[in-house]
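Here is the structure we will look at, set down as C-alpha cells.
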Amino acid sequence: MNLTTALARLLVFPGVLFAVPFAWFFLWVERKAVARMQGRIGPPFMQPFLDFIKLLGKDTPVRGGAGGLLMRAWPLLAVSAAAGAVGLLPVLPSSGGFEGDLILLLALLEVPSMCIIAAGFSSRSIFGEIGSAREAVLSVAYNVVFLLAIVSIAASQHTFRLETLAQLPPSFLRYLGIAAILVCLPAKLHLNPFSLPNAEQEIYSGPMTEYAGPELAMWELSHGLEWVAATGLVATLAAPHISLAWLAALLFVALSFVVVLLLSVLAAATARLAIDTTVRFYWQCTLIFAVLAISSALFMRFRS
Amino acid sequence: MNLWNKLMCYSRRRSPWIFHMNSGSCNGCDIELVASLSPRYDAEQLGVRLEGSPRHADILCITGPVTRNSVQAVKTVYGQVCGPKAVVAIGSCPATTNVFIDSRTLDGPLDRHLPVDVFVPGCPPRPDAILQGVAKAAQILADRAANKAPVVSVLLPLAEPECACSCAQADKAAAPACEVKP
C-alpha cells in the first residue's frame, strides 16, 4: 500500500469523509430505532449533526494545569483512533492493506475505551471515577471473548491480514466468530444491557459527567465513529467477496446498517444489568464458546 | 450574519438538552416533565434530550418553590451549566411560591436567585405547556447567539396551548392564576 492509497483510505473512503456523516447517521438510526420501539416518533434526521454543531458553540469550564490539558486531549485521541480504525477496514476489493493490519485495527478499536477510562479518572469527579472503574471491569470482561473470537478466525486462515480474511470463502468457524463479536458489541458500544459505564441518570453520565461543549462533541463523534468501525468490522467479515467496487461499498453500508438496527433493537428491548451480572455473563456464558472457537481453530491449523 | 452563525442559531433552536432540577417540589411538575418525554408527547421530536449532567445541558428546568435547603444547590447547578444557557421555571411554585407563600422554610421565588427566562404556569402545567416553554427557551438561546434584542422573562399564557392529541382537550383543568413579581 503506497502513501496515496493509504491517505485516500484514511481521509476519503472508508475514512473521515465517509465515516463522519455515517457516524451521525448511525447515531440517528440508534435513537430512531429506540424511539420506534417505544412507540414514539423520535428525533429528526439531522439531529446528531445539529447536536454536534450546537455543542461546538458552547463554553467549556476553565481547567488549568496538566489535568485540564489531559481532559482536552482524551476526546481528540479517541476520535483520531476511531477514525483510523475505520480507515483500516478493507471495504473496497484490492484496496491494499498489510500483514498484521488486523492487530492494528483491534488496538485502535480499544483506544477510545482506554481514553474513556482515563478521561473519567482525570475529570476527578466521583461519578466519572465510578464510570471509569465500571468501564475498566467491563472491558476486561468482554475483551477476552472479543479477542479470542477474532484470533480464532485469523488463526484458522493463517493470516492477520484483514483483506485476505475478508476474501477467503466463508466457513462455519468464521460465523461462530462473528456471532461472538456480535455478543461483545453491545458492551463495546455501551448499549443497553451493558450500558453501565455511562449509566444515564444513575451515575449522571459516568466518565463524561464533567465534559461540556466542544469536548463533549468530540466524545459524541468518537462514539459514532466507534459504531462505524465496530459494525464495519462485522460487515467486512460477513460480506461475501465482490470484485465490483461500488457494489462492495453498498453491501458494506447495508450490512453495517443491519447490525446497527439489530443492536439498537436489543438496546431498546432490554434493561441495564448490574456489573456483577454483566461480568458473570461474559466470563461464564460466552467464554466457553470463545474457547471452543479457538481450540477448533488451532486443531484445524495443525491438521492442515 | 454569516452561514456559520445561521447554522449555530438553527442548531441551538433545534437541540435543547435539558437538565431537570427539583428545588423542593411536590413532585407534581416532575411527573409532568417526565410525561412530556413519554411516547404521547415525545419531546425528542424537538431534539430535547434529558441529560444526566448539568454540564451537558442548555436549559435548566427548575420545579418547586426553592426551599432554604435547596437554594445553594440551585445556585451551584446553575453555575455548572455552561453558557449559553436558559432557565425555565416549571409550575406556579418557582414563579410565586404558590400556596407555600410566606412559609418560613422557603427562600423563593426562583427569580430572587437566578435570571429566569421562561415561566410555565400551572399547578402542575400540562406536558404540552412544558414543551412550549422549552421550545420558547430554545428560541431565546438562538436569539442570544444572534445578539438580537435582550430577552426579558417570558410568561407563557395560562390558556391551553394547541394540543397535538385529542385527549388533552378533555380535561382543561383550571390552573391557579399566578403573577410574576417584577
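Going down the list, the protein sequences come from chains A and B.
Position one of the first sequence corresponds to residue -13 (the working numbering), numbered consecutively onward.
Position one of the second sequence corresponds to residue 11 (the working numbering), numbered consecutively onward.
Beta carbons are placed, not taken as given, at the ideal position from N, Cα and C, and that holds for glycine.
Say the cut is 7 Å; is the CB of residue i nearer than that to a heavy atom of the ligand ADP?
{"i": "GLU186(A)", "result": "This structure lacks the ligand ADP; in fact it carries no ligand of any kind."}
Helix, strand or coil: which one does DSSP assign to residue i?
{"i": "SER25(B)", "result": "coil"}
{"i": "VAL130(B)", "result": "strand"}
{"i": "ARG289(A)", "result": "helix"}
{"i": "ALA99(B)", "result": "strand"}
{"i": "HIS209(A)", "result": "helix"}
{"i": "LEU73(B)", "result": "Correcting the residue type first, residue 73(B) is Thr in the shown sequence and not Leu. If DSSP states are grouped into helix, strand and coil, THR73(B) belongs with the strands."}
{"i": "ARG49(A)", "result": "coil"}
{"i": "ASN12(B)", "result": "coil"}
{"i": "TYR20(B)", "result": "helix"}
{"i": "LEU177(A)", "result": "coil"}
{"i": "MET204(A)", "result": "helix"}
{"i": "ARG120(A)", "result": "helix"}
{"i": "LEU236(A)", "result": "helix"}
{"i": "VAL77(A)", "result": "coil"}
{"i": "VAL305(A)", "result": "Since the first and last residues shown for chain A are -13 and 290, residue 305(A) lies out of range."}
{"i": "ARG59(B)", "result": "strand"}
{"i": "HIS123(B)", "result": "coil"}
{"i": "LEU151(B)", "result": "helix"}
{"i": "ASN79(B)", "result": "helix"}
With 8 Å set as the bound, which would you pick, yes or no: does the beta-carbon of residue i sit closer than that to a beta-carbon of chain B?
{"i": "ASP45(A)", "result": "yes"}
{"i": "SER191(A)", "result": "yes"}
{"i": "GLY199(A)", "result": "yes"}
{"i": "ILE39(A)", "result": "yes"}
{"i": "THR195(A)", "result": "yes"}
{"i": "GLN187(A)", "result": "yes"}
{"i": "LEU182(A)", "result": "no"}
{"i": "LEU252(A)", "result": "no"}
{"i": "LEU36(A)", "result": "yes"}
{"i": "LEU202(A)", "result": "yes"}
{"i": "ALA276(A)", "result": "no"}
{"i": "VAL6(A)", "result": "no"}
Between residue i and residue j, how many whole angstroms is the CB-CB distance? I'm expecting something under 8 Å.
{"i": "GLY210(A)", "j": "ALA9(A)", "result": "3 Å"}
{"i": "ALA155(B)", "j": "ALA96(B)", "result": "Incorrect: roughly 11 Å between the Cβ atoms, too far for contact."}
{"i": "VAL245(A)", "j": "VAL220(A)", "result": "5 Å"}
{"i": "HIS3(B)", "j": "LEU202(A)", "result": "Nothing in the structure corresponds to residue 3(B), since chain B is present only between 11 and 192."}
{"i": "HIS123(B)", "j": "VAL87(B)", "result": "Actually they do not touch by this definition, with Cβ atoms about 11 Å apart."}
{"i": "LEU56(B)", "j": "ILE28(B)", "result": "Not quite, the Cβ-Cβ distance comes to about 10 Å (not below 8 Å), so this is no contact."}
{"i": "SER63(B)", "j": "SER191(A)", "result": "4 Å"}
{"i": "PHE38(A)", "j": "LEU207(A)", "result": "7 Å"}
{"i": "LEU241(A)", "j": "ALA224(A)", "result": "6 Å"}
{"i": "ARG287(A)", "j": "HIS144(A)", "result": "7 Å"}
{"i": "GLU121(A)", "j": "SER99(A)", "result": "6 Å"}
{"i": "PRO0(A)", "j": "VAL97(A)", "result": "About 18 Å; that fails the 8 Å criterion."}
Is it right to say residue i is buried, meaning 16 or more other beta carbons lie within 10 angstroms of its own, or is it exposed?
{"i": "LEU177(A)", "result": "buried"}
{"i": "GLY199(A)", "result": "buried"}
{"i": "GLY70(A)", "result": "buried"}
{"i": "ALA21(A)", "result": "buried"}
{"i": "CYS170(A)", "result": "buried"}
{"i": "ASN37(B)", "result": "exposed"}
{"i": "ASN15(B)", "result": "exposed"}
{"i": "GLY94(A)", "result": "Reading off the sequence, residue 94(A) comes out as Leu, not Gly. LEU94(A) comes out buried."}
{"i": "TYR161(A)", "result": "exposed"}
{"i": "LEU70(B)", "result": "buried"}
{"i": "PRO156(A)", "result": "exposed"}
{"i": "TRP213(A)", "result": "buried"}
{"i": "TRP60(A)", "result": "buried"}
{"i": "THR115(B)", "result": "exposed"}
{"i": "ASP138(B)", "result": "buried"}
With 8 Å as the threshold, decide whether the Cβ of residue i is near any Cβ in chain A.
{"i": "CYS71(B)", "result": "no"}
{"i": "GLN55(B)", "result": "yes"}
{"i": "ALA96(B)", "result": "no"}
{"i": "ALA155(B)", "result": "yes"}
{"i": "SER46(B)", "result": "no"}
{"i": "PRO203(B)", "result": "No answer is possible for residue 203(B): it lies beyond the span of chain B, which begins at 11 and ends at 192."}
{"i": "CYS39(B)", "result": "no"}
{"i": "ARG122(B)", "result": "no"}
{"i": "ASP52(B)", "result": "yes"}
{"i": "GLY93(B)", "result": "yes"}
{"i": "GLY62(B)", "result": "yes"}
{"i": "PRO49(B)", "result": "yes"}
{"i": "LEU17(B)", "result": "yes"}
{"i": "ARG65(B)", "result": "yes"}
{"i": "ASN12(B)", "result": "no"}
If contact means a Cβ-Cβ distance below 9 Å, which residues of the stretch 15 to 32 of chain A contact chain B?
-> ARG17, ALA21, GLN24, GLY25, ARG26, ILE27, GLY28, PRO29, PRO30, MET32
Could you list the residues in the stretch 21 to 40 of chain B with a C-beta less than 7 Å from some C-beta on chain A, going in chain order?
-> SER21, ARG22, ARG24, SER25
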